[in-house]
Amino acid sequence: MLTERAAALDAADPLAHIRDRFLLPDGVVYLDGNSLGALPAAVPAVVEDAVHRQWGTDLIRSWNGNGWWEAPLRTGDTLGRLIGAAPGQTVVGDSTSVQLFNTLLAAARMRPGARLLLTDPDHFPTDQYIADSVGRLLGLDVRRVPAREAAAVLAAEAGNVAVAAYAPVDYRTGELYDMAALTAAAHAAGALMHWDLCHAAGSLPVELDAIEADFAVGCGYKYLSGGPGAPAFAYVARRHQAGFDHPLTGWHGHTEPFAMSGTYAPGDGISRARISTPPLLSMLALEAALTAFDGVEMTAVRAKNLSLTGFFQDCADTLLDGLGFTMATPRDPERRGSQVALRHAEAYPLVAALTARGVIGDMRAPDLLRFGFNALYVTHADVLHAVQELHAVVTGGAHLAPAFQQRPTVT
Ligand SMILES: Cc1ncc(COP(=O)(O)O)c(C=O)c1O
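Residues 1 to 411 in full-length UniProt numbering are what the sequence shown lists, from first letter to last.
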C-alpha cells in the first residue's frame with residue numbers, strides 16, 4: 001500500500017528529473033540536506049576550472065578577467081530570485097554569523113530610541129549569542145519571546161522594540177511561522193524585521209520584497225547545496241540601503257576600494273554590504289550549485305516538500321506506532337517546513353544505526369531525530385525506505401550496539 005503510494009507519487013512528480021542535477025552516492029538515502037546539501041553535478045567542473053585555470057593560470061588577473069570582483073553581487077542576484085528579492089538587494093560572502101552580526105547591528109542602529117531587541121528562545125544558538133552581543137554593544141535589552149507570542153508582545157511594546165529577529169522555520173522541529181504576519185506586526189509596532197532564512201532559502205517560496213521584510217541572512221550550504229562552508233547571504237531592502245550603517249566596514253564596501261583612502265565612505269546600494277575578500281572558491285561553487293534551480297519554481301519545490309514530509313509522517317504513523325516515537329513536527333501543512341523531527345529517548349543511537357544502513361539524517365539534543373527533505377533530489381521511495389529502515393533498527397535493536405552509544409563531536 002505505502003509502496004504503491006510512493007511509486008505513484010514519484011511517477012507524478014514534476015521535479016523528478018532534477019535529481020539528475022545532483023551526484024548522490026549509490027545506496028544512500030540522504031535526508032540531511034537541511035544541514036549540508038548534496039553535491040550538485042555542476043560544481044566539480046566549476047571548482048576544477050576555478051582552481052586550475054582561474055587561480056593557477058590567470059592568477060591575480062582573475063579579479064577582472066574572470067569576474068571575481070562582481071561575484072558577491074552577481075551570486076546575490078541569482079540567489080535573490082529564490083528568496084523573493086529583486087536584483088540589487090542581496091550580497092554573498094562570509095558566514096551566516098558574520099552577516100547576521102553585521103545586519104542585526106545595523107538594523108538596531110536604525111531605531112535609536114527603542115530599547116528592546118526581540119528574539120526567539122528556540123532560535124539557533126548563534127542567533128541568540130549574536131543578539132546578546134548586539135544588545136551589549138548598543139545597550140539594548142534582549143528579550144526572548146517565542147515566535148508564536150511575538151506579535152502580541154510587539155503590540156504591547158509598540159515604540160519600544162528596535163528589531164525583531166526570527167527564523168521562519170524552527171531548526172529543531174521544522175515548525176513554520178507566518179513571515180508576512182510577523183513582519184507586519186513588527187512594522188505596526190515601529191520595529192524592523194530581521195529574518196534568518198537558513199532553513200527556508202531553497203526550500204520555501206520566501207517573498208522578502210512582497211512582505212516588506214527589512215533584513216535577512218541565510219547560509220549557502222543547506223537547501224542551496226553550495227557545499228561545506230559555502231558563503232552566506234545578506235539581504236538589505238532597497239529602502240534601507242542609503243541609511244545602512246553597519247559595523248563591519250571592510251574595504252570591499254567602500255565606494256572606491258582601490259582609491260586606498262584611509263577614511264571609510266560607503267558604496268552605493270547593496271555594494272556597501274560587501275565586507276572584504278570573499279572565499280572565492282566556495283563562492284564559485286555556490287554559484288554553480290544554484291544552477292540546480294534553473295527553471296524550477298519555488299512553488300513546485302514547496303509542493304513536493306509538503307508531499308515528502310506529509311508522506312514521511314504517514315509512513316511513521318503506520319510503521320513506527322507504539323515504538324517510542326512522538327511526532328515533533330506539525331501535521332498542518334501550513335505550519336510545516338521541509339523537515340520532520342521525531343522525538344525518541346534513544347535519538348542518537350537510532351540515527352547512528354540508521355546512518356550505518358545508508359539512511360542519513362541527524363539528531364539534535366536531547367531527543368530529536370531530524371530528517372530534512374530537499375525536493376530537488378529526494379523521492380517518496382527514499383522516504384518509505386528511510387522509515388522502513390528506522391522500523392527495522394528499532395525493532396531489531398541494532399542501535400543498542402556499543403558502536404552507536406558514543407557521540408562524536410558533530411551529531
Ligand atoms: C538558523 C541557523 N542560523 C545560523 C546557522 C549557522 O551559522 P553559521 O553558518 O555562521 O555557522 C545555522 C546552522 O545550522 C542555522 O540553522
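A virtual CB, placed ideally from N, CA and C, is assigned to each residue, including glycine.
Say yes only if the C-beta of residue i is nearer than 7 Å to one or more non-hydrogen atoms of ligand 1, and no if none qualify.
i	result
F371	no
D13	no
residue 424	The structure shown does not extend to residue 424, since the chain spans only 1 to 411, so no value can be given for it.
T173	no
H199	yes
T411	no
residue 467	The requested residue 467 is not part of the displayed model; the chain covers only 1 to 411.
S95	yes
F124	yes
A147	no
residue 412	Since the displayed the chain opens at 1 and closes at 411, residue 412 lies outside it and no answer follows.
C315	no
A285	no
A381	no
D77	no
A232	yes
D32	no
L132	Leu is not the amino acid found at residue 132; the sequence shown has Asp there. It does not: the Cβ of D132 is nowhere closer than 7 Å to a heavy atom of ligand 1.
D141	no
D196	yes
A386	no
A50	no
Tell me the DSSP secondary structure of residue i in three-state form.
i	result
T411	coil
F371	strand
P40	strand
Q339	strand
P333	helix
L176	strand
R143	strand
M1	coil
R272	helix
H240	helix
V217	strand
A86	coil
T103	helix
I360	strand
Since residue i and residue j are thought to touch, with beta carbons under 8 Å apart, how far apart are those beta carbons, to the nearest angstrom?
i	j	result
F311	G76	Going by Cβ atoms, the distance from F311 to G76 rounds to 34 Å, so no, they are not a contact pair.
W63	W55	Actually they do not touch by this definition, with Cβ atoms about 11 Å apart.
V43	A288	5 Å
G135	D127	Not really, about 12 Å apart at Cβ, beyond 8 Å.
A353	H399	4 Å
V169	G337	4 Å
G361	V28	Incorrect: roughly 12 Å between the Cβ atoms, too far for contact.
T90	Y221	The Cβ separation is near 16 Å, so there is no contact.
A193	H199	First, the residue type needs correcting, since residue 193 is Met and not Ala in the sequence shown. Actually they are not in contact, since the Cβ atoms of M193 and H199 sit about 17 Å apart, beyond 8 Å.
T173	T329	6 Å
Inter-stretch contact at 8 Å, needing at least 3 Cβ pairs: the stretch 197 to 217 / the stretch 234 to 251: yes
Cβ pair count under 8 Å reaching 3, the stretch 315 to 329 against the stretch 372 to 389: yes
At least three beta-carbon pairs within less than 8 Å, the stretch 104 to 117 to the stretch 285 to 305: no
Cβ contact check for the stretch 265 to 273 and the stretch 246 to 255: 3 or more pairs under 8 Å: yes
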